[in-house]
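Chemist: Chains as they are written, first to last, in the working numbering: chain U, 592 to 794; chain H, 144 to 357.
Structure below; questions to follow.
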């Protein structure tokens, strides 16, 4: 049995999802001052090096750059575990990403694998599936500054739901919500904002 | 071909949201809406912000979510079951591919616009799998459309904070193959017990549930 359904002062309005202004959100970088694996190159095996690397080709194996930056370009297809100081993905990666500083998944990135990094940037549209391990909280805070502790207020449960609604209620019936709902297909910003306060769907 | 791929070619099963998006002419989608997320606030209320928790997010990856979850958990698994489902010969097998947390059972799970988009027979399998992956007392957040409308639009929710979110329509209207009614949710979520439920506009409902011990 659950506790009483709670009607909330839900007043939707049009918004844009805010994005963190970050220096690292620059446009895809040009291949200057670093090694490049071109689009026609296919590598099966271990890739190591002592300089930054841009992969626009196919790599199947492992990539270990330790102290350097690795970029998987928009044409890059990597099936490998990757280790680097900074990893930026614009293409596709299937494998684990381990970065000492940060991992950046740009908007067209497709990544399947686990990410271990003190800081992870996920641009809107990036497709990621896996585990994000940001490591020890204290280390991450030191490394990532405000990122790991966003400057947003902490939750105030008592302010978000009426405490009086915590009493147990009988099982819900579908009628009230069904009649009140305009349906998603017809919902619009105008529909939502023009409605009055939400009434309790269950009583 | 995975279970979802087969479903695409099974007329009796209809179509999951988004699966045919590329085959249909693009339409202008409604603008995103910011709205309250009291269920999310309830979910995270009282959790220690020491990074000791383990979060499983069954929705699309979002940077805001990593920021917010990161207050409570240093290990966050993202598994979008609808648009990027795990592979398997059937739904149950696909769910088995949903990995456990590497160090401890999950204790916070979020399911965005998911349960109502699964076929009725798939829903208990998901809850069963979540029960396997979670610790006693684990917290589950669910937001579903319980409007009973014949068509619904797939939605994406992006948290702005722990009590506000943005709702975005991400695809054309889809037939609601089997609407999930409020009366069904409590039973469906067992062994999770609904602690609080919140009615939002437009037929959406948030549920905050905890897993019963034992």
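Cβ atoms here follow ideal geometry from the backbone N, Cα and C, with glycine treated the same way.
Does the region 181-191 of chain H come close enough to the region 342-355 of chain H to have 3 or more Cβ pairs within less than 8 Å?
Modeler: In short, these stretches touch, since the Cβ pair count reaches three.
Chemist: When the cut-off is 8 Å and only beta carbons count, does residue 644 of chain U lie next to chain H?
Modeler: Cβ-Cβ to chain H under 8 Å: no for residue 644 of chain U.
Chemist: According to DSSP, simplified to helix, strand and coil, what is residue 694 of chain U?
Modeler: If DSSP states are grouped into helix, strand and coil, residue 694 of chain U belongs with the strands.
Chemist: What does residue 247 of chain H touch in chain U if you count any residue whose Cβ is under 7 Å from its own?
Modeler: In chain order: nothing, as chain U lies at least about 12 Å away.
Chemist: What is the DSSP secondary structure of residue 275 of chain H, reduced to helix, strand or coil?
Modeler: Helix, per DSSP.
Chemist: Within the same chain, show all residues whose beta-carbon is closer than 7 Å to that of residue 172 of chain H, passing over the 5 residues directly before and after it, in chain order.
Modeler: Answer for residue 172 of chain H: 312, listed in chain order.
Chemist: Within the same chain, show all residues whose beta-carbon is closer than 8 Å to that of residue 665 of chain U, passing over the 5 residues directly before and after it, in chain order.
Modeler: Answer for residue 665 of chain U: 619, 647, 681, 682 and 699, listed in chain order.
Chemist: Beta carbons nearer than 9 Å to chain U: which residues of the region 212-240 of chain H have them?
Modeler: Of all residues in the region 212-240 of chain H, 212, 213, 214, 216, 217, 218, 219, 220, 221, 222, 223, 226, 227 and 229 have a Cβ within less than 9 Å of some Cβ in chain U.
Chemist: Do residue 674 of chain U and residue 685 of chain U have their C-beta atoms closer together than 8 Å?
Modeler: No. Outside cutoff.
Chemist: Within the same chain, show all residues whose beta-carbon is closer than 6 Å to that of residue 720 of chain U, passing over the 5 residues directly before and after it, in chain order.
Modeler: Hits under 6 Å: 703.
Chemist: Starting from the beta carbon of residue 205 of chain H, find every residue of chain U whose beta carbon is closer than 7 Å, and list them in chain order.
Modeler: By Cβ distance, chain U contributes 713.
Chemist: Quick one: using the 10 Å Cβ neighbour count with 16 as the cut-off for buried, is residue 200 of chain H buried or exposed?
Modeler: Residue 200 of chain H comes out buried.
Chemist: Is the beta carbon of residue 322 of chain H sitting closer than 8 Å to the one on residue 280 of chain H?
Modeler: Result no, Cβ atoms of residue 322 of chain H and residue 280 of chain H do not sit closer than 8 Å.
Chemist: So, is residue 356 of chain H buried or exposed, given that buried needs 16 or more other C-beta atoms within 10 angstroms?
Modeler: By the 10 Å Cβ count, residue 356 of chain H comes out exposed.
Chemist: What span of residues does the alpha helix (DSSP H) with residue 206 of chain H cover, start to end?
Modeler: That run of the alpha helix (DSSP H) goes 206-212.
Chemist: I'd like to know whether the C-beta of residue 209 of chain H is nearer than 8 Å to at least one C-beta of chain U.
Modeler: Chain U contact via Cβ: present.
Chemist: Have a look at residue 337 of chain H and residue 689 of chain U and give me their C-alpha separation to the nearest angstrom.
Modeler: Distance between the alpha carbons of residue 337 of chain H and residue 689 of chain U is about 38 Å.
Chemist: Give a yes or no on whether 8 Å exceeds the smallest Cβ distance from residue 147 of chain H to chain U.
Modeler: Legend: pLDDT at residue 147 of chain H = 45, less than 50; position of this residue unreliable, no value from coordinates given.
Chemist: Taking Cβ-Cβ distances below 7 Å as the criterion, which residues of the region 670-681 of chain U are in contact with chain H?
Modeler: Listed by position along the chain: nothing, the set is empty.
Chemist: Would a check of beta-carbon distances place residue 721 of chain U closer than 8 Å to chain H?
Modeler: With 8 Å as the cut-off, residue 721 of chain U counts as an interface residue toward chain H.
Chemist: Beta-carbon within less than 8 Å of residue 246 of chain H's beta-carbon, same chain only, minus the 5 sequence neighbours each way: which residues are those?
Modeler: Closer than 8 Å at Cβ, skipping near neighbours: 197 and 218.
Chemist: Give the interface partners of residue 717 of chain U over in chain H, defined as CB-CB distance under 7 Å, in chain order.
Modeler: 204, listed in chain order.
Chemist: In three-state terms, what does DSSP make of residue 615 of chain U?
Modeler: Confidence at residue 615 of chain U is low in this model, with a pLDDT of 46, below 50, so its placement is unreliable and the value that follows should be read with caution. DSSP places residue 615 of chain U in helix when its eight states are reduced to three.
Chemist: Quick check: what's the CA-CA separation for residue 638 of chain U versus residue 707 of chain U?
Modeler: Roughly 19 Å between the two C-alpha positions.
Chemist: Measuring only between beta-carbons, confirm whether residue 699 of chain U sits less than 8 Å from chain H.
Modeler: No, because no Cβ of chain H sits closer than 8 Å to the Cβ of residue 699 of chain U.
Chemist: Determine the DSSP secondary structure at residue 674 of chain U, reduced to helix, strand or coil.
Modeler: Strand, per DSSP.
Chemist: Counting only C-beta atoms, is residue 651 of chain U closer than 8 Å to chain H at any point?
Modeler: No, its Cβ sits nowhere closer than 8 Å to a Cβ of chain H.
Chemist: Using a C-beta cutoff of 8 Å, does residue 686 of chain U count as contacting chain H?
Modeler: No, because no Cβ of chain H sits closer than 8 Å to the Cβ of residue 686 of chain U.
Chemist: Tell me the rounded alpha-carbon separation between residue 731 of chain U and residue 319 of chain H.
Modeler: Interpretation of residue 731 of chain U is limited by its pLDDT of 43, a score under 50 that renders its predicted location unreliable; the figure taken from the coordinates is listed afterwards. Approximately 43 Å between the Cα atoms of the pair.
Chemist: Give me the chain H residues within the contact set of residue 724 of chain U, using Cβ-Cβ distance strictly less than 7 Å, ordered along the chain.
Modeler: Here the neighbours are 217 and 218.
Chemist: Does residue 175 of chain H pass the burial test, meaning 16 or more other C-beta atoms within 10 Å, or should it be called exposed?
Modeler: By the neighbour-count rule (16 or more Cβ atoms within 10 Å), residue 175 of chain H is buried.
Chemist: How far does the beta strand (DSSP E) with residue 255 of chain H in it extend, from its first residue to its last?
Modeler: Segment 249-255, the beta strand (DSSP E) holding residue 255 of chain H.
Chemist: Where does residue 636 of chain U fall in DSSP's three states?
Modeler: Three-state DSSP puts residue 636 of chain U in a strand.
Chemist: DSSP has residue 707 of chain U in a bridge; who is on the other side?
Modeler: In the DSSP output, where bridge partners are listed per residue, residue 707 of chain U has U:689 and U:724.
Chemist: Output the boundary residues of the alpha helix (DSSP H) element that contains residue 261 of chain H.
Modeler: Looking at the DSSP string, residue 261 of chain H is not in any alpha helix (DSSP H), and its letter there is neither H nor E.
Chemist: With DSSP as the reference, label residue 310 of chain H as helix, strand or coil.
Modeler: Looking at residue 310 of chain H - three-state DSSP - the assignment turns out to be strand.
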